[in-house]
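Chains G and S are the protein sequences, given in the same order.
All residue numbers for the first sequence refer to this note's numbering, where the first residue is 441 and numbers rise by one.
All residue numbers for the second sequence refer to this note's numbering, where the first residue is 441 and numbers rise by one.
As structure tokens, the structure follows; a few thoughts come after it.
Protein chains: 2
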Amino acid sequence: MSGPSLTEYLKGHTLRIEKELASSLPERWDVPGPLRESMAYSLMAGGKRMRPILTIAAAEACGGSAEAAIPVACAVEMIHTYSLIHDDLPALDNDDYRRGRLTSHKVFGEATAILAGDALLTHAFYSAARSAREHGIAADTVLSIIEELSYYAGPRGMVGGQVADMQGEQGLTRLEELDYIHTHKTSDLIVFSLKAGGRIGGATERQLDALELFGTNIGLAFQIQDDILDIVGDEKKLGKAVRSDEKQQKVTYPYFIGLERSRDKVASLTELGKEAIVNADFPQPDMLLQLADYLMKRDH
Amino acid sequence: MSGPSLTEYLKGHTLRIEKELASSLPERWDVPGPLRESMAYSLMAGGKRMRPILTIAAAEACGGSAEAAIPVACAVEMIHTYSLIHDDLPALDNDDYRRGRLTSHKVFGEATAILAGDALLTHAFYSAARSAREHGIAADTVLSIIEELSYYAGPRGMVGGQVADMQGEQGLTRLEELDYIHTHKTSDLIVFSLKAGGRIGGATERQLDALELFGTNIGLAFQIQDDILDIVGDEKKLGKAVRSDEKQQKVTYPYFIGLERSRDKVASLTELGKEAIVNADFPQPDMLLQLADYLMKRDH
């Protein structure tokens, strides 16, 4: 293979995405100071940038360019960021820290945190919409991407998963309920990230289906790995307290099927996901496959 | 004139919009119960439906059809509704009643109210995006509408106005600051409603500019009228307590320039707005002009 190593790939694309995110609210725009600061504070808080990298990797897997995928990649990260800000609010998870830093409402107050989330959610659609104008992507392709973003991030997608999660805190009794939460709260936005990248890269219908299957599987694997790391992870690497699920009496995959079987599940879901990609004749599938393994083996 | 009277027009279109809003979350969709209920509770809470009616009226003024404008009209109402839900939250205005009914967080709790707002905001983009598929509007027209929705409802628009309003509670000293708040918090979404309708109806650039000017002026007039009604209005007609601005020590137009000059300002802004429409050769401008007068004279 002549391409970059996975480490170089992640580093390069993370830098590119962060540069773009940093300039997503130009100084010349007339935005109230506290709103701009609170949006930037959460948007530039680091993190793995997994979703935007998946968007870029899916575009490249289809033979498309990373540059054309950047505005939609940023849109995904804005949606993810807003969901974390609202998730951390006192009325929801009431978290004071995220990635080792104070959460938005602890720094800017609750009202500004709510509005910063609203602004990032709205601005995500602006970022996605401008791909057409700035990168010459066909208007109907961008429109399909926007329709899917509103689907996967909306009431039938991520927000639905969030509400189900909240209700579930009163006690889940079946693994299917947990799957519903994981699928919508976590996998849906990952599926979107991949399919949107695919659309930008010119994916065939068959490749879009493969990206959806890949996303559903690695998304669930990702979330189960999160559950596992909450038990066996290193607080310093994670940037947050471990054993929080147990303390909050949160029902997780290890709770239902134990730690070992949870690990097996992560591995088998990852394999299933990779298989879907391998069977769909992508011109350059390597990075997607490597990313799946990387996510499975991560320790933070 | 052979068209319907304004009263018939408002009644007919309000019914049509409410029917569409009621079916905007089909039963067959897999949405958690509390999320569906909280979204419907606020979406079906009545109100003037002013913004969606302006969208339809603008489409018709250009010679377009009301039907083609319905999905975008609903999108505007979803954005408006989400903004009210979040605005009423304890961390923001902390209002228990809206339109004579308990606010969302009083009925469903704060967490669900926050998420219902997020879901409506996201679903608005879904509603707008599907105009292309369901009404055959050109993809690049719908994309322009979506880009403008994210602009006028986002950090440079409505959310920016909201944050400025919150900061202003610590005391505004200049009328320009109040204009900034009114323009962004109220006029921006009205301007969007009109321009989006215009785009659907096939407006020329000159007509879009006229709709923008019309919206900016009647939007500000609408907000000043709100300030006036808070002083002289009838609680029963308004469905909320009057004198709330005074109690909250909120700086308003009447505070700065007095009641009489505020009334004159409403009248002169309305005239300016109507003039812009009259001068832009719309095939059917009558209803837009009548709506401007109606909004100026409203008592609720």
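In this text, a Cβ means the ideal position worked out from N, Cα and C, and glycines have one as well.
In this text the structure is predicted, and so the values were computed from the model without any measurement.
Under the Cβ criterion of 7 Å, Ile-554/G is counted among the residues facing chain S. Sequence-distant partners of Asp-535/G (beyond 5 residues in either direction) whose C-beta falls short of 6 Å from its own C-beta, in its chain, are Asp-528 and Thr-543. Put simply, the region 498–513 of chain G touches the region 564–574 of chain G. At least three CB pairs are less than 8 Å apart.
Judged by beta-carbon spacing, Ser-590/S lies beyond the 7 Å limit of Tyr-620/G, meaning their Cβ atoms are not closer than that value. At a cut-off of 7 Å between beta-carbon atoms, Ala-480/G makes no contact with chain S.
Considering only Ser-702/G, Thr-552/G and Leu-648/G, the residue with the shortest C-alpha distance to Pro-694/G is Ser-702/G. Around the beta carbon of Tyr-522/G, 16 or more other beta carbons sit within 10 angstroms, so the residue counts as buried. Within chain S, not a single residue places a beta-carbon under 7 Å from that of Ala-508/G; the smallest gap is close to 16 Å.
Here Leu-561/G carries a helix assignment [DSSP, helix/strand/coil]. At a beta-carbon threshold of 8 Å, none of the residues of chain G lie near Met-736/S; the nearest stands roughly 28 Å away. If only uninterrupted alpha helix (DSSP H) runs of at least 4 residues are considered, those enclosed by the region 463–540 of chain S are 473–483, 490–501 and 506–528.
Cβ proximity to chain G below 8 Å picks out Leu-465, Trp-469, Asp-470, Val-471, Pro-472, Pro-474, Leu-475 and Arg-476 from the region 447–476 of chain S. Contact of Tyr-566/S with chain G is assigned, a C-beta pair being separated by under 7 Å.
Taken in chain order, the complete alpha helix (DSSP H) segments of 4 residues or longer contained in the region 654–711 of chain S are 675–678, 684–687 and 693–697. Distances from the CA of Arg-539/S to each of Leu-712/S, Leu-465/S, Leu-678/S and Phe-722/S were compared; the closest alpha carbon is that of Leu-678/S. Counting only residues of its own chain and dropping the five nearest sequence neighbours on each side, His-520/S has a CB closer than 7 Å to the CB of Arg-491 and Leu-629. Scanning its chain for C-beta atoms nearer than 6 Å, with the 5 sequence neighbours on each side dropped, one finds around Leu-494/S the residues Ser-633 and Leu-634, in chain order. Taking 7 Å as the CB threshold, Ile-586/G lines the interface with chain S.
For Leu-583/G, a Cβ of chain S is located within less than 7 Å of the residue's own Cβ. For Gly-608/S, no Cβ of chain G is located within less than 7 Å of the residue's own Cβ. Looking at Asn-657/G, Ala-593/G, His-545/G and Glu-588/G, the one whose alpha-carbon comes closest to that of Leu-555/S is Ala-593/G.
Contact annotation for Glu-550/S against chain G: Leu-529, Pro-530, Ala-531 and Leu-532 [CB-CB distance below 9 Å, chain order]. Non-local beta-carbon contacts of Leu-660/S in its own chain, meaning distances under 6 Å to residues more than five positions away in sequence, involve His-622, Ser-627 and Leu-709 in chain order. With 16 or more other Cβ atoms inside 10 Å of its own Cβ, Asn-657/S counts as buried.
Counting C-beta pairs closer than 8 Å gives three or more between the region 578–585 of chain G and the region 575–587 of chain S, which meets the contact rule. Cβ neighbours of Ala-462/S within its own chain (closer than 7 Å, five residues either side excluded): Met-484. Under the 7 Å criterion on CB atoms, Gly-594/S is classed as interfacial with respect to chain G.
Annotation: Cβ neighbours of Asp-580/S in chain G (cutoff 8 Å, chain order): Ala-572 and Ala-579. A check of alpha carbon separations from Lys-459/G across Ser-482/G, Tyr-449/G and Cys-514/G identifies Cys-514/G as the nearest. Scanning chain G for C-beta atoms nearer than 7 Å to the C-beta of Asp-558/S yields His-526, Leu-561 and Val-599, reported in chain order.
For Thr-581/S, the uninterrupted alpha helix (DSSP H) segment begins and ends at 579–593. Rounded to whole angstroms, the separation of the alpha carbons of Ile-664/G and Asp-533/S is 39 Å.
Taking the Cα positions, Ala-636/S is about 16 Å away from Ile-457/S.
Of all C-beta pairs linking the region 465–481 of chain S to the region 475–483 of chain G, fewer than three are shorter than 8 Å, placing the two stretches out of contact. With a beta-carbon spacing of about 10 Å, Gly-713/G and Phe-662/G fall beyond the 8 Å limit used to define contacts. Going by DSSP, Ala-732/S is part of the alpha helix (DSSP H) stretching over 726–737.
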